[in-house]
Amino acid sequence: MKYSLTFPKTLKKAPSGAQSLNHQLLTKAGFIHQEMAGVYTYLPLGWKVLDKISDIVREEMNSIGGQELVMPALHPGEPWKKTGRFNSFDVLFKLKGAAGADLVLGPTHEEIIYPLLSEYIQSYKDLPLYLYQIQMKFRNEPRAKAGILRGREFLMKDLYSFHTSDDDRDAYYQKVREAYFKIFKRLELPVVKTKASGGTFSDLSEEFQTITPSGEDIVLVCKDCGSATNREITEDKKCLDCGGSLKEEKAIEVGNIFPLKRAYAEVFDLSFTDKDGQKKIVSAGCYGLGISRTMGAMVEVFHDDKGIIWPESVAPFQVHLVGLDGLGEKEYKLFLAEGIEPLFDDRLNLSAGEKFADADLIGIPYRVVVSKKTQDKLEVKKRSEKQTQFVSLQSLLEMLKS
RNA sequence: CGGGGUGUAGUUCAUCGGUAGAACGCUCGGUUUGGGACCGAGAAGCAGGAGGUUCAAUUCCUCUCACCCCGACCA
Numbered sequence: 021m022k023y024s025l026t027f028p029k030t031l032k033k034a035p036s037g038a039q040s041l042n043h044q045l046l047t048k049a050g051f052i053h054q055e056m057a058g059v060y061t062y063l064p065l066g067w068k069v070l071d072k073i074s075d076i077v078r079e080e081m082n083s084i085g086g087q088e089l090v091m092p093a094l095h096p097g098e099p100w101k102k103t104g105r106f107n108s109f110d111v112l113f114k115l116k117g118a119a120g121a122d123l124v125l126g127p128t129h130e131e132i133i134y135p136l137l138s139e140y141i142q143s144y145k146d147l148p149l150y151l152y153q154i155q156m157k158f159r160n161e162p163r164a165k166a167g168i169l170r171g172r173e174f175l176m177k178d179l180y181s182f183h184t185s186d187d188d189r190d191a192y193y194q195k196v197r198e199a200y201f202k203i204f205k206r207l208e209l210p211v212v213k214t215k216a217s218g219g220t221f222s223d224l225s226e227e228f229q230t231i232t233p234s235g236e237d238i239v240l241v242c243k244d245c246g247s248a249t250n251r252e253i254t255e256d257k258k259c260l261d262c263g264g265s266l267k268e269e270k271a272i273e274v275g276n277i278f279p280l281k282r283a284y285a286e287v288f289d290l291s292f293t294d295k296d297g298q299k300k301i302v303s304a305g306c307y308g309l310g311i312s313r314t315m316g317a318m319v320e321v322f323h324d325d326k327g328i329i330w331p332e333s334v335a336p337f338q339v340h341l342v343g344l345d346g347l348g349e350k351e352y353k354l355f356l357a358e359g360i361e362p363l364f365d366d367r368l369n370l371s372a373g374e375k376f377a378d379a380d381l382i383g384i385p386y387r388v389v390v391s392k393k394t395q396d397k398l399e400v401k402k403r404s405e406k407q408t409q410f411v412s413l414q415s416l417l418e419m420l421k422s
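Position one of the first sequence corresponds to residue 21 (the numbering used here), numbered consecutively onward.
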């Protein structure tokens, strides 16, 4: 992509409403635009990042048998009344249909997927089943805040698993936990698995928390064994696992996995006929991962005073090609031909300093400068490092493909 | 939802009773080109909205809306 054609360009100052770090940097760099409290447009660069995060999540969900579908964001009110959550789910967006029917904007999808499956699941042969989606969720937060960390509309992956027994559900739960670790490893985002309450879903759950000062959760991390517990469920000063001393850390919850209660399956009569001819209730689990929140958490963790420092796994482009002295077109075409994703700053009449400042702000992992000075070499600098080096195109390609 | 703060040009801010100003950005012309260049010219504003006080309101008062922060809440 040529930067001269990219919408929009960087801003020198973030709007005064952008207070949190992720909001400021993502806005200045042109990744997001706030529409109202907790609601954002994801601009082309921002959407590319969400897409890359989503792709990694998709691959790992698929690798544990997940099948992707998309359920509606607009829900009938009836199933929500059936579970009681029409009134008990305090951040539920409610609206009216044309004929006056109660409707709901989906904050989660048990009320859709259980009735759906109850139509299709008949036999133990239909199970287990793992279905997931990546979709905008809606929660009427009394106080949306911290940029895209806590929105009223946000992109989330939700996986639902359905089993013939709790044992099978528990075994799959372990697999999902492992898949989550793989996802965050590929995203290069450090997380600690944290014991937490299950809310209305289950007695206990496990959260994936990214430790950072801007987090709004407080987790107690054991200095000895590394196990962590959300402060919401313990007053203990000692680790439940090993007795070691605990340290309080602020953290952002980027994922949460629940072994579900049977309540929803019972309400919607999600049952199957087992081998013995008996009707049995399905055992389920649900597993969330905040895609847009993860993007925000990454900015909170990966930045310096000049801008964002994206991990290679999710950067909107692999290479930020800075053309000086009107050069760079040739290299841009070569990158494209080699399957490298370049963002080419082809703008004329702009000082080098301004282009460098933009490159630092946008945070693409490799900056490649082409100018009169570089001659037949390329000047390469990693965003995360200070030093530059002059290399041939060939060795740069090797660097990028390794 | 309680407490606090802020709404003025696209953006950041100034003016704080006498009818609007800068910087950045933008447009045009020219000079520049390795860390947010320079000169000149220009466009750009119902001062969030409604009401009130006043000869006069962006400025003071009331209400309202929006955003931000702290707290409560957070499947």
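Each residue gets a CB set at the ideal place from its N, CA and C atoms; glycine is no exception.
Tell me the DSSP secondary structure of residue i in three-state form.
i: I301; result: strand
i: N160; result: coil
i: E405; result: coil
i: P148; result: coil
i: F278; result: strand
i: K215; result: strand
i: L240; result: strand
i: F228; result: strand
i: V90; result: coil
i: S265; result: strand
i: F410; result: strand
i: R172; result: coil
i: S24; result: helix
i: A14; result: Any question about residue 14 goes unanswered here, given that the chain covers just 21 to 422.
i: S74; result: helix
i: S138; result: helix
i: K258; result: strand
i: S143; result: strand
Pull up the DSSP beta-bridge partners for residue i, would you.
i: Q153; result: D178
i: Y386; result: V339, K402
i: E273; result: Q229
i: K165; result: R170
i: S83; result: DSSP output for S83 lists no bridge partner at all.
Let's test the definition: count the other Cβ atoms within 10 Å of the Cβ of residue i and tell me whether it reaches 16, buried, or not, exposed.
i: G373; result: exposed
i: E358; result: exposed
i: E55; result: exposed
i: E269; result: buried
i: P35; result: exposed
i: D289; result: exposed
i: C262; result: exposed
i: Y140; result: exposed
i: Q194; result: exposed
i: F337; result: buried
i: I301; result: exposed
i: F364; result: buried
i: S423; result: No information on residue 423 is available, as it lies outside the stretch 21 to 422 that the chain covers here.
i: G66; result: buried
Please give me, in chain order, every unbroken run of the beta strand (DSSP E) with length at least 3 that falls completely inside the segment 285 to 365. 291 to 293, 299 to 301, 303 to 310, 339 to 343, 362 to 365
Beta strand (DSSP E) runs wholly inside the segment 92 to 128, at least 3 long, in chain order: List check, beta strand (DSSP E) in window: 94 to 96, 113 to 116, 122 to 125.
Does the segment 335 to 343 come close enough to the segment 359 to 379 that 3 or more CB-CB pairs lie under 8 Å? Taking 8 Å as the limit for Cβ pairs, the verdict is that the segment 335 to 343 does touch the segment 359 to 379.
Is it true that the segment 299 to 315 meets the segment 166 to 173, where meeting means three or more beta-carbon pairs spaced less than 8 Å apart? Verdict: yes, contact present.
Taking contact to mean at least 3 C-beta pairs separated by less than 8 Å, is the segment 248 to 268 in contact with the segment 148 to 158? Remark: fewer than three beta-carbon pairs, one from each stretch, lie closer than 8 Å, so the segment 248 to 268 and the segment 148 to 158 are not flagged as touching.
Taking only runs of the alpha helix (DSSP H) that begin and end inside the segment 34 to 67, which ones reach a length of at least 4 residues, in chain order? 41 to 48
When you compare the segment 87 to 103 with the segment 126 to 133, are there three or more beta-carbon pairs, one atom per stretch, that lie closer than 8 Å? In short, these stretches touch, since the Cβ pair count reaches three.
Touch test, the segment 203 to 215 against the segment 229 to 237, Cβ-Cβ under 8 Å, three pairs minimum: Cβ pair count under 8 Å is three or more, so yes.
The segment 43 to 53 contacting the segment 277 to 286, beta-carbon criterion three pairs below 8 Å: no
Could you tell me whether the segment 175 to 183 touches the segment 291 to 308, where touching means 3 or more Cβ pairs closer than 8 Å? Counting Cβ pairs under 8 Å, three or more are found: they touch.
Quick check: the segment 72 to 86 against the segment 198 to 208, are there 3 or more CB pairs under 8 Å? With a cut-off of 8 Å, the segment 198 to 208 and the segment 72 to 86 count as touching, because enough Cβ pairs lie within range.
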